[in-house]
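FYI, the numbering for the sequence shown is 7 to 122, going by this note's numbering.
Cβ coordinates follow ideal geometry from the N, Cα and C atoms, glycine included.
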Amino acid sequence: MEDLWPAHLEDCRVIRPAGELDVATALDFSALLRGIAPDAGADWLIVDLGRVTFMGCSPLNELCRSWNQTRSTGRWTRLVYDHPSIGLVLRLMSLQQQFPRYASIDTAWREHGGCF
Numbered sequence: 007m008e009d010l011w012p013a014h015l016e017d018c019r020v021i022r023p024a025g026e027l028d029v030a031t032a033l034d035f036s037a038l039l040r041g042i043a044p045d046a047g048a049d050w051l052i053v054d055l056g057r058v059t060f061m062g063c064s065p066l067n068e069l070c071r072s073w074n075q076t077r078s079t080g081r082w083t084r085l086v087y088d089h090p091s092i093g094l095v096l097r098l099m100s101l102q103q104q105f106p107r108y109a110s111i112d113t114a115w116r117e118h119g120g121c122f
């Protein structure tokens with residue numbers, strides 16, 4: 007997984023992991039989701055999985071934790087992806103409702119009340 011810094015768009019954090027998201031990269035992915043600031047997980051969060059080549063079930067706990075944390079503050083966590091296997095993993099784990107697919111960061115932000 008590439009070490010990429012989160013990008014910010016207004017009050018929304020955007021993270022862009024790359025490579026494989028699996029058992030070996032789960033801790034790095036968790037740290038990326040949490041961000042640098044202790045309360046960073048409370049922001050609106052967009053996870054752009056466009057550079058992810060494989061995603062197993064390991065990162066799902068952290069994604070759900072981020073989703074719960076942002077939701078508890080009236081905000082959200084959204085996923086951007088186009089790789090069919092990511093959709094399959096979410097569907098198999100019954101998370102497709104919680105994490106619908108967004109085609110772009112712009113779409114994920116605009117469809118939920120944010121604007122650039």
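Cβ distance (whole Å) where residue i is taken to contact residue j below 8 Å
i, j, result
"residue 92", "residue 61", "5 Å"
"residue 66", "residue 101", "7 Å"
Buried/exposed call for residue i, threshold 16 Cβ in 10 Å
i, result
"residue 114", "buried"
"residue 29", "exposed"
"residue 90", "exposed"
"residue 68", "buried"
"residue 22", "buried"
"residue 49", "buried"
CB contact flag (residue i, residue j, <9 Å)
i, j, result
"residue 53", "residue 83", "yes"
First and last residue of the uninterrupted alpha helix (DSSP H) at residue i
i, result
"residue 33", "32-40"
C-alpha distance - residue i paired with residue j, whole-angstrom precision
i, j, result
"residue 27", "residue 64", "7 Å"
"residue 12", "residue 18", "Interpretation of residue 12 is limited by its pLDDT of 49, a score under 50 that renders its predicted location unreliable; the figure taken from the coordinates is listed afterwards. Computed Cα separation, rounded: 10 Å."
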